[in-house]
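Protein chains in written order, with our numbering: chain S, 20 to 133; chain A, 64 to 177.
In this text, a Cβ means the ideal position worked out from N, Cα and C, and glycines have one as well.
Only a predicted model underlies this, so the values are computations on that prediction, with no experimental measurement involved.
Here you go:
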């Protein structure tokens with residue numbers, strides 16, 4: 020079936036530490052993956068994406084790793100800050116005919132302790 | 064430039080009623096997608112429209128319908144509301160329906176069905 024799942028529902032980290040959020044996906048044919056951040060009362064906000072022909076992509080303080088062999092994604096946040104506290108979703112882009120849709124996991128709550 | 068806008072922000076309805084939710088995409092974006100996000104879960108794909116044509120439909124009953132207008136704005140309609148329809152309804156816009164198109168989300172409409 021279609022599913023993108025997360026290993027840990029809640030992650031608590033100390034301010035300044037690095038955070039790692041993991042995600043498993045099920046569709047080996049998916050060629051595009053996105054991480055979103057969602058703060059309370061807001062819509063998902065794009066963080067970083069990666070295409071299936073890559074295994075690593077870096078942004079500002081964030082890195083996404085893709086392991087197609089085991090269908091696993093991870094999001095690494097360096098020097099985690101209180102403003103990083105939110106729910107994080109990985110999403111898998113699936114082509115459907117002439118369209119496409121995002122399949123989201125359930126999300127991981129990141130709590131940053133000061 | 065304004066981001067994706069949605070109206071209303073909050074809505075309370077009773078079972079059996081119908082509801083219309085509205086979305087205005089980012090200027091220049093021709094594709095709009097709708098997602099339902101139940102509390103504690105990731106968003107679930109409902110519809111995708113491109114150039115006024117439906118390009119995809121998720122696993123939702125026929126009570127859910129949508130359309131896209133010539134100015135690329137969109138409406139999501141839900142008839143015969145059920146308690147389980149209570150959710151955050153998210154609209155996302157993208158340039159088109161290509162695989163690597165980033166989808167930008169609006170703030171959502173919070174629907175409560177009593």
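Subject >> CA-to-CA distance, residue 70 of chain A to residue 57 of chain S, given in whole angstroms >> reply: 19 Å
Original post:
Of all the residues that make up the region 59-83 of chain S, which are near chain B by a beta-carbon distance shorter than 9 Å?
Top reply: No chain B is part of this structure, whose protein chains are labelled S and A.
Original post:
What are the start and end residues of each continuous alpha helix (DSSP H) run of 4 or more residues lying completely inside the region 77-101 of chain A, in chain order?
Top reply: none
Subject >> Extent of the continuous beta strand (DSSP E) to which residue 178 of chain A belongs >> reply: In this structure chain A extends from 64 to 177, so residue 178 of chain A is not present and cannot be described.
Original post:
Which residues in the same chain as residue 77 of chain A place their Cβ atom closer than 6 Å to its Cβ, once the five residues preceding and following it in sequence are excluded?
Top reply: 177
Original post:
For residue 25 of chain S, is the classification buried or exposed, using 16 other Cβ atoms within 10 angstroms of its Cβ as the cut-off for buried?
Top reply: Its pLDDT being 42, under 50, residue 25 of chain S is placed unreliably in this model, and the value from its coordinates should be taken loosely. Residue 25 of chain S should be labelled buried.
**OP:** Give, in chain order, every residue of the region 158-173 of chain A whose Cβ lies closer than 9 Å to some Cβ of chain S.
**Re:** 160, 161, 162, 163, 164, 165, 166, 167, 168, 169, 170, 171 and 173
**OP:** Would you mind stating whether residue 93 of chain S and residue 41 of chain S have Cβ atoms separated by less than 9 Å?
**Re:** yes
**OP:** Spell out whether any CB of chain S is found under 9 Å from the CB atom of residue 105 of chain A.
**Re:** yes
Original post:
Within the 9 Å Cβ cut-off, does residue 81 of chain A reach chain S?
Top reply: no
Original post:
Is residue 73 of chain S buried or exposed, if buried means 16 or more other CB atoms sit within 10 Å of its CB?
Top reply: exposed
**OP:** Going by CA-CA distance only, name the one from S:110, S:132 and S:36 that's closest to residue 166 of chain A.
**Re:** S:110
Subject >> CB contact below 9 Å: residue 50 of chain S versus chain A >> reply: yes
Original post:
Would you say residue 121 of chain S reaches chain A, if we count a Cβ-Cβ gap shorter than 9 Å as a contact?
Top reply: yes
Original post:
Are the beta-carbon atoms of residue 115 of chain A and residue 133 of chain A separated by less than 9 Å?
Top reply: yes
Subject >> Spatial neighbours of residue 120 of chain A in its chain, beta-carbon cut-off 7 Å, leaving aside the 5 residues before and after >> reply: 110
Original post:
So, helix, strand or coil for residue 35 of chain S, using DSSP?
Top reply: coil
Original post:
From A:67, A:145, A:163 and A:85, pick the residue whose C-alpha is nearest to that of residue 139 of chain A; which is it?
Top reply: A:85
Subject >> Inter-residue Cα distance where the pair is residue 77 of chain S and residue 45 of chain S >> reply: 24 Å
Original post:
How should residue 124 of chain A be labelled, buried or exposed, when 16 other C-beta atoms within 10 angstroms of its C-beta is the threshold for buried?
Top reply: exposed
**OP:** Label residue 144 of chain A either buried or exposed according to how many other C-beta atoms from any shown protein chain fall within 10 Å of its C-beta, with 16 as the threshold for buried.
**Re:** buried
**OP:** Taking C-beta pairs closer than 9 Å, name the residues in chain S that residue 113 of chain A reaches, listed in chain order.
**Re:** 117 and 118
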